[in-house]
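Undergrad: Chains as they are written, first to last, in the working numbering: chain A, 468 to 718; chain B, 245 to 524. Just so it is clear, CB atoms sit at the ideal spot from N, CA and C, and this is done for glycine as well. Since the structure is predicted, the reported quantities are computational estimates derived from the model, not experimental observations. Before I ask anything, here is the structure I am working with.
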Amino acid sequence: MAAGLKDPALLARWREDPEALARLGVDPAELDLDALTRFAGLTVKVRHNPARDSLSATFRMLQVTGLEVEFFAAYAMDRARSGVPFASSTEDRTRELVAFLEAWVDPARPEQAMLGELARHERTLAELAALSPPEEPAARAILRARAVPRRRGQQRLRTVGWDPRAIVAALQTANPDLGALVRGERHLCYWRLGPALRLVELDIAGFRALELVDGRRTAGAVARALTGGTSARAGLALLGQLGEAGLIASS
Amino acid sequence: MRFLDADVASPRLGLALGPGVAELVASEPGLVDYVEIPFEQLRHAPHVGQVQQHLPVILHCASLSMAGFVSPTGATVDAVAAEARRTGTPWIGEHLAFVNADAIDEGQATPSALTYTVCPQLSEETIVQVVRNVASLRDRLPVPLILENSPQYMAVPGSTMGMVDFIGEVARQAGLGLLLDLTHHTITCQNTGVDAISELDRLPLERVVEVHLSGLSVQSGIAWDDHASPAPPLVFELFARLLRRVRPRAVTIEYNWAPNFPQSVLRAHIGRVRAMLEAV
């Protein structure tokens, strides 16, 4: 049992070759390898308790959906098979955990899709919160097509299928009703400006505009790219709105 | 440094060390009576012991492999003893489990050393080994050991008895007190298909020195230990039943896995346990 818990790859080996277990003097029928695998998952979960700091809603979601032990068991097995030890720092361990979770979830299953969305959401917030961004000068309005707009602060743009804010709100209730959540595409800008960390929802046009602002293209180029060259004025007006919101400024 | 009264008339209430506990007890020293700290945390992160400036400490341990057949190293035993002396803990709560095990022939060169305690084989052979382990440690530790019941997540091959009978025999033959984890008891009963209340009545409750309360989570058909959740109603029912029979010296609330454990729930349960203890 100890050897299997320390190296869950052994559990997989014994599952495939019960005789190997019998050669160790253990009746394969007497050892519940599924339960032992899940126990290995529990130990890995506990080792990742520090990750709860930045993934509190994700852990809550895992527990509420009953996926917690199954997920961590899968993670334990994956790591055992790869031979790669868990990272030593909480930051790296958390990052690797989220990477595995994103690959593990089945996007066709709503609760798992929500789980993946939530993990990315919390990870993005944690990454931005950990930054020490320089002071930002006051925004200068985008007035001319020749101005070169840049994004202010640190921004991460994400298109989500499930609104992570709604998921978090649901999880904060005693009996979360995840079935009441509605799938729908949303465009979010995670935005760190000085000490403030905000989540701004944009329409598709504003999102696309923000994506195009790279500190090199002129406002006119962005506007033409947005409108297919048909109406730079409309594109510039949109950039003006983003400027008024403080999201972009002239260089 | 604060020390727990060695001779107390009324049971003490404490919290297991976890995120936010040090700050909580520093800001509200009268909220609980002690903090329980694992030896392993003190060994690897000694600064956690600073909480003892505000409250006494009870030492918990998961390194002595009391139900194992591979002994801990002398350095480990010495380190446990040193922390016991330094903290002035009235006892050391260790798991009736193993963390070390012999190497197997699957290309494993060295014994397995785990970071998590494992429910042992529940058998006469294990009982004899526990008694042997206790005897070997008795003179090396400055305070008594009390043994904590393991949560049983699956049948352990070679077991010949249930957990309650195993605990009873260990306690009787080793002459030790018990750290009764009521959540582990609930988990074991649920996973082995026995009634938690009637099994509680069969335990040698007069030996209970300390009680643990925590949450559990049922997933994939098995009940699992979960210190990120509050103790369920059955655990409180068992606690009330225990208090009708015996007065433990200490009760530890183990809500110490999640940094965002709801403070309102924590405080409500502290208040509830305090009231139950004062009514004894």
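Would you mind sorting D469 of chain B into buried or exposed? The rule is 16 or more other CB atoms within 10 Å of its CB.
TA: buried
Undergrad: I want to verify the contact list: residues of chain B whose CB lies under 8 Å from the CB of M581 of chain A, in sequence order.
TA: Near M581 of chain A there are no residues of chain B at all, since even the closest Cβ is about 18 Å away, more than 8 Å.
Undergrad: Am I right that L257 of chain B and D277 of chain B are in contact with their C-beta atoms under 8 Å? What's the rounded C-beta distance?
TA: 5 Å
Undergrad: What would DSSP say about C363 of chain B, mapped onto helix, strand or coil?
TA: Correct three-state label for C363 of chain B: coil.
Undergrad: Are L335 of chain B and L303 of chain B close, meaning C-beta to C-beta below 9 Å?
TA: Inspection of the sequence shows that residue 335 of chain B is occupied by Trp rather than by Leu. For W335 of chain B and L303 of chain B, yes; Cβs fall inside 9 Å.
Undergrad: Identify, in the order they occur along the chain, each residue of the same chain with its Cβ nearer than 8 Å to the Cβ of A672 of chain A, setting aside the five sequence neighbours on each side.
TA: L693 and L705
Undergrad: What residues in the stretch 501–512 of chain B have a beta carbon less than 7 Å from any beta carbon of chain A?
TA: Interface annotation for the stretch 501–512 of chain B against chain A: W501, A502, P503 and N504, criterion Cβ-Cβ distance under 7 Å.
Undergrad: So, P616 of chain A versus A716 of chain A, is the Cβ gap smaller than 9 Å?
TA: yes
Undergrad: Would you say the stretch 584–598 of chain A touches the stretch 520–528 of chain A, given that touching needs at least three Cβ pairs under 8 Å?
TA: yes
Undergrad: As a quick exercise: from A:H515, A:A575 and A:P604, pick the residue whose alpha carbon is nearest that of S556 of chain A.
TA: Ranking A:H515, A:A575 and A:P604 by Cα distance to S556 of chain A puts A:H515 first.
Undergrad: Beta-carbon of G710 of chain A versus every beta-carbon of chain B: anything under 9 Å?
TA: At a cut-off of 9 Å, the C-beta of G710 of chain A has no neighbouring C-beta in chain B.
Undergrad: Can you name the residues that DSSP bridges to A719 of chain A?
TA: No information on residue 719 of chain A is available, as it lies outside the stretch 468 to 718 that chain A covers here.
Undergrad: Please report how far the alpha carbon of P492 of chain B lies from the alpha carbon of V452 of chain B, in whole angstroms.
TA: 6 Å
Undergrad: Among residues of its own chain, excluding the 5 on either side of H513 of chain B, which ones have a beta-carbon nearer than 8 Å to its beta-carbon?
TA: Cβ neighbours of H513 of chain B beyond the five flanking positions: L457, P474, A475, I497 and Y499.
Undergrad: Please classify A494 of chain B as buried or exposed, where buried requires at least 16 other C-beta atoms within 10 Å of its C-beta.
TA: buried
Undergrad: To the nearest angstrom, how far is it from the Cα of A341 of chain B to the Cα of L624 of chain A?
TA: In this structure, the alpha-carbon of A341 of chain B lies about 49 Å from that of L624 of chain A.
Undergrad: I'd like to know whether the C-beta atoms of L509 of chain A and F539 of chain A end up nearer to each other than 9 Å.
TA: yes
Undergrad: Can you pull out the residues from the stretch 504–530 of chain A whose beta carbon lies closer than 8 Å to at least one beta carbon of chain B?
TA: Hits within the stretch, in order: R505, F506, L509, T510, V513, R514, N516, R519, D520, S523, F526 and Q530.
Undergrad: Suppose the cutoff is 7 Å on Cβ atoms and the five residues either side in sequence are ignored; what does the same chain contact list for W571 of chain A look like?
TA: F538 and A541
Undergrad: Answer yes or no: does any C-beta atom of chain B fall closer than 9 Å to that of V493 of chain A?
TA: Using a Cβ-Cβ cut-off of 9 Å, V493 of chain A counts as an interface residue toward chain B, since at least one Cβ of chain B sits closer than that to its own.
Undergrad: Check whether the Cβ atoms of L529 of chain A and L582 of chain A lie closer than 9 Å to each other.
TA: yes
Undergrad: Tell me where the alpha helix (DSSP H) around I431 of chain B begins and ends.
TA: L426 to T436
Undergrad: Among all the DSSP beta bridges, which residues are the ones paired with F247 of chain B?
TA: Bridge partners of F247 of chain B: none, in fact.
Undergrad: Can you pull out the residues from the stretch 453–469 of chain B whose beta carbon lies closer than 7 Å to at least one beta carbon of chain A?
TA: S461, Q463, S464, I466 and W468
Undergrad: Is the beta carbon of L714 of chain A closer than 9 Å to that of R618 of chain A?
TA: Contact: yes.
Undergrad: When you compare only the Cα positions, how much space is there between R329 of chain B and E338 of chain B?
TA: Those two C-alpha atoms are separated by around 16 Å.
Undergrad: Please identify, using Cβ separations under 7 Å, the residues of the stretch 377–399 of chain B that lie next to chain A, in order along the chain.
TA: Against chain A - using a Cβ distance shorter than 7 Å - the residues of the stretch 377–399 of chain B are Y397, M398 and A399.
Undergrad: May I ask which residues mark the beginning and end of the alpha helix (DSSP H) holding T496 of chain B?
TA: First-last for T496 of chain B: A494 to I497, but that is the beta strand (DSSP E), not the alpha helix (DSSP H).
Undergrad: Does the beta carbon of D545 of chain A come closer than 9 Å to any beta carbon on chain B?
TA: No, D545 of chain A lies away from the interface with chain B (no Cβ there is under 9 Å from its Cβ).
Undergrad: Establish whether the CB of L358 of chain B and some CB of chain A are separated by less than 9 Å.
TA: yes
Undergrad: With respect to the alpha helix (DSSP H) encompassing A724 of chain A, which residues constitute its N-terminal and C-terminal limits?
TA: This structure gives no information on residue 724 of chain A, because the portion of chain A shown stretches from 468 to 718.
Undergrad: Given a limit of 9 Å on CB to CB distance, which residues of the stretch 330–346 of chain B reach chain A?
TA: Correct list: F342, V343, N344, A345 and D346.
Undergrad: So that I know if they touch, is there some Cβ in chain B lying closer than 9 Å to that of E486 of chain A?
TA: no
Undergrad: Could you tell me the distance, in whole angstroms, from the CA atom of W501 of chain B to the CA atom of I281 of chain B?
TA: The alpha-carbon separation between W501 of chain B and I281 of chain B amounts to approximately 13 Å.
Undergrad: So, do the stretch 382–397 of chain B and the stretch 421–441 of chain B have three or more beta carbon pairs nearer to each other than 8 Å?
TA: Yes: at least three Cβ pairs fall under 8 Å.
Undergrad: Pop quiz: R621 of chain A and R659 of chain A are said to be a contact at Cβ under 8 Å. What is the actual Cβ separation, rounded to whole angstroms?
TA: A small correction: the amino acid at residue 621 of chain A is Gln; Arg does not occupy that position in the sequence shown. Rounded, the Cβ-Cβ distance is 4 Å, consistent with contact.
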